[in-house]
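K.L.:
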Amino acid sequence: MKAMNITPLSTLLSARILSLKILLLSFCLLFLISGCSGQHDAPAEEAENREAAAAAVRGAITYPETATVDVSDNYHGTMVADPYRWLEDDVRESEAVADWVQAQNAVTNTYLESLDARSAFRERMAELWNYERVGLPVKRNNLYFFTRNDGLQNQSVLYVQAGLDGLPRELIDPNEWSEDGTVSLAQWVPGPEGRYLAYGIQDGGSDWRTWRILDVSTGELLEDELNWLKFTSVSWDAAGEGFYYSRYPAPDSDAKFQSLNLNQKIYYHQLNSPQSEDVLIYERPDQPEWSLSSSVTDDGQFLIITMYVGTDNRYQVAFKALGGDGAEVQMLIEGFDNEYSYVANDGLDFYFYSNDGAPRYQLVKINLTQPEQRTVIIPESEHALQAVERVGNYFAASYLVDARSDAQVFNLEGELVRSVDLPGLGSAIGFDGQPDDSETFFSFSSFNRPVTIYRYDVDTGAREIWRQAEVEFDPADFVVRQVFYTSKDGTEVPMFIAHRRDVTPNGSTPTLLYGYGGFNISLPPRFAVQNLAWMEAGGVYAQANIRGGGEYGREWHQAGTKLNKQNVFDDFIAAAEYLIAEGITQPEQLGIYGRSNGGLLVGAVVNQRPDLFAAGLPAVGVMDMLRFDQFTAGRFWVDDYGSSSNADEFAALYAYSPVHNVADDQVYPAMLVTTADTDDRVVPGHSFKYAAELQNSTIGPAPQLIRIETRAGHGAGTPVSMLINLYADQWAFLAEHTGLEVDFTDPL
């Protein structure tokens, strides 16, 4: 690798000054009558001037200059240049990167300010978002813990109430933690009796958490503080005197948001003691890349230790008897071959959710005295089993039927008792419970149905509404349907299509197509304010359930991983082609959107088929497929993507990596790349490098912009106000380039 020769800072500063000049020019153009000219025109002339000003701004984008460096890497005999390697540096540590970010944001903000739809979407989403949202309750004894947001609070507040009809009492209000709302309550776990509550604090969207403990009855905050926790929850002991958790060694202060996370260990924390005295329970210094998690069984007698090496659901499982001295950790399931996720136990009988010999998953029982034997309790079915929970003397099983939720109740012998009556085509989440309690809760939503939380009794099958969201719209004004289309290799793929009932797609209807396609993550129909706003404005919303997800189990997931990853892009391209062939939209009216792995999806398909789309929104995407495993959690993703260190996988990665495949001399759609400076999941350097490639390639006149949020991360913990602004910018950009005329004053 050759030395890096970065263009002097003065060049970057001159680019920033040029952007500020554009900003000043747009200010004068937009406010010519009252600001620069000193004149006052008639209303018609005023509108004409505004339109001309906006057009001038949009047609005269001058991108900041991006320095290049002379860096190349040798991958199995192939030399690959990396001219924007310096943009991988942490924006909080590098003055050059910080200046580049500032210059890019100046250009992007100037452009976005010229879009009339921006304020319209912002105002309407603020109205729609202003409704009470309550989270699924967690029960301890007769105490119910739950979050609530009164509408436009940046962060939801944690409450507790005694009994179903008790008066809610505020426990934690994270809105008091920061003025900008960027410090959030990321996780919370009540102790077994509900006396204490442990909770994790997230700052600026980072994956790092600081944990504290609260006395629930008094509201007193204990002195305990636990640091450097990431990718872990906590599991209380039976007495409620402490809990088990996982943590990494403290990183170097100048690399805490970029460095790889290695050597995770399991500790026990005793209440009212410093973290330095926490007891090390389990570690694997011989396997620094292994991740470790722990869970105390319902009876408090055992600690389950789960080991994994990436994002694939392939686990080794061990256990440790609790309550005595010197109990050894014993292996139960060896080899990272299959998923075995602990569900519950009855003494020495342990129940696991597993795909061992069952690609669509099943529930099995293992007795600790004969661990080599597996007894199938709930067998694999034609539908993908998504989760199993023990509630009272039953198992509540959640399925996906062609990507929409279904739920069944079985007794402990695996006999079907009944189907859970769900309200329609949508997504059901929850069914958590206790072995000595028949009560559980689940939430249900769909594209046109806000979240309703139901209380469910597994003994009787009785269902009643516990909390119901009331949003300022009529669900009957929207239609949701499911279609199936054929991908390139003949695979049938499901897709949901939703829009206003009075909108009849006519072959040129502005349409937003969303997808993900990775990490065994499924996309059932769920309610989202931003999608409702797009549909209210007259657009069609489509969601493709492409391979790489978990909609049909293990095989569907694996068909979109590593050397099969091109299937994901083919499925998404086929979804776009279906929408066009069926007379719903056309390329000039079709925009696509995806986040994280979905950001990769957008970048890859735009590179492969730029002719098929009018606009693309790759958000917090994994864009450099040759170096993703060099940062923070990136090493986990090798399970899905493969690694450039493997010759065959390198060839596949290099063929679709968005940074390396921008198609020079082709006409590209308009692109708005989005990321955040505190994203330590998918580091922002991915998006920085991709945006630089777009801006410095010959790909036509459409804008190639990047929007970089500050004091935000990968998505979790983002304040409501920040979300409203983000989606208003993205949807206004889509509306501009798909021809959606946005006017929320017209009745539906």
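Last residue of the sequence shown: 796 (the working numbering), numbering continuous. We put the CB at the ideal spot given by N, CA and C, even for glycine.
(1) Nearest to D505 by CA position, among E487, D221, R497, is which residue?
(2) Does S493 come out as helix, strand or coil in the three-state DSSP assignment?
(3) Write down every uninterrupted run of the beta strand (DSSP E) in the segment 325-399 whose length is 3 residues or greater and which is fully enclosed by it, in chain order.
(4) Suppose the cutoff is 7 Å on Cβ atoms and the five residues either side in sequence are ignored; what does the same chain contact list for D672 look like?
(5) Using the DSSP secondary-structure output, state which residues sit across from Y409 in a beta bridge.
(6) Just the C-alpha distance for G474 and N744, rounded to the nearest angstrom, thanks.
(7) For Y399 versus R438, is the C-beta spacing smaller than 9 Å?
(8) CA-CA distance, E741 and Y600?
(9) Give the secondary structure of S475 by DSSP, where H, G and I count as helix, E and B as strand, and everything else as coil.
(10) Candidates I747, D728, L782: which alpha carbon is nearest H762's?
(11) Give a yes or no on contact between the segment 707-724 and the segment 323-342, applying the rule of three or more CB pairs nearer than 8 Å.
(12) Is the segment 558-571 touching the segment 368-378 in the sense that three or more CB pairs, one from each, lie closer than 8 Å?
(13) Let me know if K536 comes out buried or exposed under the rule of 16 or more other beta-carbons within 10 Å of its beta-carbon.
(14) Just to confirm the assignment, what range does the beta strand (DSSP E) spanning T786 have?
(15) If we count Cβ pairs, one from each stretch, closer than 8 Å, do we get three or more for the segment 263-279 versus the segment 242-253?
(16) Looking at A607 and A165, is the spacing between their C-beta atoms short of 9 Å?
(17) Residues in the same chain with beta-carbon distance under 7 Å from D507, minus the five sequence neighbours each way, listed in chain order, please.
(18) Could you tell me whether the Cβ atoms of P751 and I220 are closer together than 9 Å?
(19) By Cβ distance, which residues of its chain are closer than 7 Å to V424, with the 5 residues on each side in sequence left out?
(20) Find the nearest neighbour of S402 within the set R422, G125, V768, judged by alpha-carbon distance.
(21) Starting from S226, follow the beta strand (DSSP E) in both directions and report where the run begins and ends.
(22) With 16 as the cutoff for other CB atoms within 10 Å, does W779 come out buried or exposed?
(23) Taking only heavy atoms of the ligand GDP into account, decide whether any of them is closer than 8 Å to the Cβ of A624.
(24) Can you tell me whether DSSP reads I640 as helix, strand or coil?
(25) Suppose the cutoff is 6 Å on Cβ atoms and the five residues either side in sequence are ignored; what does the same chain contact list for T44 look like?
(26) Report all residues from its chain with a CB closer than 8 Å to the CB of L611; omit the five preceding and five following residues, and keep chain order.
(27) Name the DSSP beta bridge partners of Y533, please?
(28) Would DSSP call S120 helix, strand or coil?
(29) With distance defined between alpha-carbon atoms, name the residue in G242, V282, F279 nearest to P267.
(30) Give the straight-line distance between the Cα atoms of D373 and P407, rounded to the nearest whole angstrom.
(31) Which same chain residues, not among the five before or five after W338, have their C-beta less than 8 Å away from its C-beta?
(32) Ignoring anything shorter than 4 residues or poking outside the segment 164-202, list the alpha helix (DSSP H) runs there in chain order.
(33) What does Y504 pair with, by DSSP beta-bridge criteria?
(34) Here's the rule: buried if 16 or more other CB atoms are within 10 angstroms of the residue's CB, otherwise exposed. What is E757?
(35) For Q530 and D130, what's the separation of their Cα atoms in angstroms?
(36) Are F679 and V653 touching if we call contact CB-CB under 9 Å?
P.N.:
This is what the structure gives:
(1) One-based indexing of the sequence shown puts residue 505 at position 457. The option with the nearest alpha carbon to D505 is E487.
(2) Translated into the one-based positions of the sequence shown, residue 493 becomes position 445. Strand.
(3) 327-330, 339-344, 350-356, 364-369, 378-381, 388-394
(4) By one-based count along the sequence shown, residue 672 stands at place 624. Excluding positions up to five away in sequence, the list reads S705, V707, H734, K737.
(5) Stepping through the sequence shown from its first residue, residue 409 is reached at position 361. DSSP output for Y409 lists no bridge partner at all.
(6) Locating residue 474 in the sequence shown gives position 426, counting from the first residue. Locating residue 744 in the sequence shown gives position 696, counting from the first residue. If you take the alpha carbons of G474 and N744, they lie about 43 Å apart.
(7) Sequence index remark: in the sequence shown, residue 399 carries index 351 (1-based). Sequence index remark: in the sequence shown, residue 438 carries index 390 (1-based). Yes, the Cβ-Cβ distance between Y399 and R438 is below 9 Å.
(8) As a first step, residue 741 must be located in the sequence shown, where it is residue number 693. As a first step, residue 600 must be located in the sequence shown, where it is residue number 552. Approximately 36 Å between the Cα atoms of the pair.
(9) On the sequence shown, residue 475 is found 427 positions in, with the first residue counted as 1. S475: strand per DSSP, three-state reduction.
(10) Against the sequence shown, residue 762 aligns to sequence position 714. Ranking I747, D728, L782 by Cα distance to H762 puts D728 first.
(11) no
(12) no
(13) For the purposes of this step, residue 536 is identified with residue 488 of the sequence shown, where counting begins at 1. By the neighbour-count rule (16 or more Cβ atoms within 10 Å), K536 is not buried but exposed.
(14) On the sequence shown, residue 786 is found 738 positions in, with the first residue counted as 1. No beta strand (DSSP E) contains T786, which is instead part of the alpha helix (DSSP H) from 768-786.
(15) yes
(16) On the sequence shown, position 117 is the one that residue 165 refers to. On the sequence shown, position 559 is the one that residue 607 refers to. No, Cβ-Cβ distance for A165 and A607 is not below 9 Å.
(17) On the sequence shown, position 459 is the one that residue 507 refers to. For D507, where only same-chain residues beyond five positions count, the Cβ hits under 7 Å are G440, S486.
(18) In the sequence shown, counting from the first residue as 1, residue 751 sits at position 703. In the sequence shown, counting from the first residue as 1, residue 220 sits at position 172. In this structure, I220 does not lie closer than 9 Å to P751 by Cβ.
(19) For this step, residue 424 is matched to residue 376 along the sequence shown. Cβ within range, chain order: Q410, V412.
(20) Here the question's residue 402 lines up with position 354 in the sequence shown. Closest option to S402, Cα to Cα, is R422.
(21) Position 178 of the sequence shown, counted from the first residue, corresponds to residue 226. Looking at the DSSP string, S226 is not in any beta strand (DSSP E), and its letter there is neither H nor E.
(22) The residue you call residue 779 lines up with position 731 of the sequence shown. It counts as buried.
(23) The model on display carries no ligand, and the ligand GDP is accordingly not part of it.
(24) In the sequence shown, residue 640 corresponds to position 592, counting from 1. In this structure, I640 counts as strand in the three-state DSSP scheme.
(25) This structure leaves residue 44 out entirely; the chain is present only between 49 and 796.
(26) Walking along the sequence shown from the start, residue 611 turns up at place 563. Around L611: G690, D696, E697, A700.
(27) Counted from its first residue, the sequence shown places residue 533 at position 485. BP columns for Y533 point to V541.
(28) Taking the first residue of the sequence shown as 1, we reach residue 120 at position 72. Looking at S120 - three-state DSSP - the assignment turns out to be strand.
(29) Mapped onto the sequence shown, residue 267 falls at position 219. A small fix is needed here, since residue 267 is Gly in this sequence, not Pro. Selected option, being the one with the closest Cα: G242.
(30) Within the sequence shown, the letter at position 325 stands for residue 373. Within the sequence shown, the letter at position 359 stands for residue 407. Roughly 40 Å separates the two Cα atoms.
(31) Start at 1 with the first residue of the sequence shown, and residue 338 comes out as number 290. Counting only Cβ-Cβ distances below 8 Å, and skipping sequence neighbours, we find Q312, R332, M355, Y356, V357.
(32) 164-177
(33) By one-based count along the sequence shown, residue 504 stands at place 456. The partner list for Y504 (beta bridge, DSSP) reads T488, R511.
(34) Residue mapping note: residue 757 aligns to position 709 of the sequence shown, counting from 1. E757 is buried by the Cβ-count criterion.
(35) Locating residue 530 in the sequence shown gives position 482, counting from the first residue. Locating residue 130 in the sequence shown gives position 82, counting from the first residue. C-alpha separation (whole angstroms): 43 Å.
(36) Indexing the sequence shown from 1 puts residue 679 at position 631. Indexing the sequence shown from 1 puts residue 653 at position 605. No, the pair does not count as a contact, with Cβ atoms beyond the cut-off.
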